[in-house]
Amino acid sequence: MKFDILTLFPELIKFYSNYSILKKAQKEKKIEIITYNFRDFTADKYRTVDDRPFGGGRGMILKIEPIFKTIASLKIPNSKFYSLIGKSNFQQSPKKTKIILFTPRGKKFTQKIAHQFSQLERLVLICGRYEGIDERVVKYIADEQISIGNYVLMGGELPALVVMEAVTRLLPGVIGKSEFLFKRISKTKGFIEHPQYTRPEIFEPLKTLTEIGFKLKRVKKNIKWRVPKILLSGNHQQIKKWREKHQKIII
Ligand code: ADE
């Protein structure tokens, strides 16, 4: 799977992608991540990527030109470009590529969407910045607008990393079966998650606080935080029941 990221801050993407699963998946050639600074696709002396909104108003709006030029240089066979420059310019099927624009206005990103994206060959992620982006990017370039939650961030870089990580871990062979924390209910429906514990069986927070230098006054009882007994019982049927009772379904 190939990820093309359009951003004004490629270093942010590169830094995070150089750790953990994204690093491993790149090393194993399961994914390829390429960043493009669309400032490199400006023609003026100041490398301008934004301008004031028509009709007035506060803030600056990202211009369509640098984004359009970056996307065009990739010769991406997505549905919108396909109709614009014709089949002969592309080798891949347009159905295997999607251009995503990150915006708080977009469709909410879910595990189900992560699964749908993981079936594609190429994802092009446009990271917005500043107060907004020329609406023609939405209308004529992006296939979908995605939001990662009901809050406003400063740009699409964190959302791009969120989407890349969620999609990459679903690609075949990227993580081992035992690393799949959540049992899959069905491919598209969701995952079951239940609480997990590991050693020690009994954790004594006050003892630990004393060990790291806290002077605790008037503490009478020693408090113990215990692992539920059932999980230590070795009774697999009971454990299964307990997990079912405490599970949550993540859609
Ligand atoms: N850009 C700013 N906020 C965002 C959000 N919540 N999701 C996606 N892109 C964004």
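Residues 2 to 252, numbered by this note's numbering, are exactly what the sequence shown covers, in order.
Just so you know, even glycine gets a beta-carbon here, dropped at the ideal spot from N, CA and C.
Bear in mind that the values here come from a model prediction, so they are computed numbers and not experimental data.
Rounded C-alpha distance that separates residue i from residue j
i	j	result
R137	P206	56 angstroms
K3	D52	31 angstroms
K14	L162	Looking at the sequence itself, residue 14 is Ile, so the reference to Lys does not match. If you take the alpha carbons of I14 and L162, they lie about 7 angstroms apart.
Q228	Q239	Looking at the sequence itself, residue 228 is Val, so the reference to Gln does not match. Straight-line Cα distance between these residues: approximately 15 angstroms.
E33	L217	53 angstroms
Y37	W226	49 angstroms
V168	K222	48 angstroms
R59	Y198	51 angstroms
I6	I213	44 angstroms
P11	V164	16 angstroms
G87	F55	32 angstroms
V175	I77	25 angstroms
K25	I35	15 angstroms
W243	P95	47 angstroms
E66	T49	10 angstroms
F215	T209	9 angstroms
K31	R219	57 angstroms
I22	R170	7 angstroms
N314	S89	Lying before the first or after the last residue shown, residue 314 is absent from the chain, which here runs from 2 to 252.
I101	F110	11 angstroms
D126	E166	Looking at the sequence provided, one finds Leu at residue 126 rather than Asp. Cα to Cα, L126 sits roughly 13 angstroms from E166.
F82	D45	25 angstroms
E29	G57	50 angstroms
H237	G177	23 angstroms
Option nearest residue i by Cα separation, candidates the options
i	options	result
D41	I68, L102 and S148	I68
I203	L23, E194 and I224	I224
K108	Y131, I142 and S148	S148
K246	I193, P11 and V164	I193
G150	L172, P160 and H237	P160
Q27	W243, R200 and L172	L172
Y152	Q117, F103 and R170	F103
I114	E145, K140, I127 and G133	E145
C128	F82, I251, L232 and G157	G157
Y141	K70, S18 and Q248	K70
K230	K25, R200, D45 and F118	R200
T43	S74, L23 and E29	S74
L154	E132, A143 and N19	E132
P105	F118, K64 and V139	V139
I251	F16, K46, H116 and Y17	H116
Bounding residues of the alpha helix (DSSP H) (the contiguous stretch that carries residue i)
i	result
E202	Neither: E202 is in no alpha helix (DSSP H) and is coded neither H nor E.
L207	P206 to E212
F39	It is not in any alpha helix (DSSP H) - F39 carries neither H nor E in the DSSP assignment.
L9	Element bounds for L9: n/a, residue is neither H nor E.
R137	E136 to Y141
L159	E158 to T169
Residue j beta carbon less than 7 angstroms from that of residue i
i	j	result
I72	D135	no
L85	K99	no
H195	Q248	yes
R123	L9	no
Residue i, enclosing beta strand (DSSP E) - first and last residue
i	result
E145	E145 to S148
T104	T98 to K109
V228	V228 -> no beta strand (DSSP E), and no H or E assigned at all.
K249	K249 to I251
Simplified DSSP state of residue i, which is helix, strand or coil
i	result
R244	helix
H49	In the sequence on display, residue 49 carries Thr and not His. Of the three classes helix, strand and coil, the one that applies to T49 here is coil, per DSSP.
F82	helix
I32	coil
I77	coil
K70	helix
K3	strand
L63	strand
I224	coil
L233	helix
L126	strand
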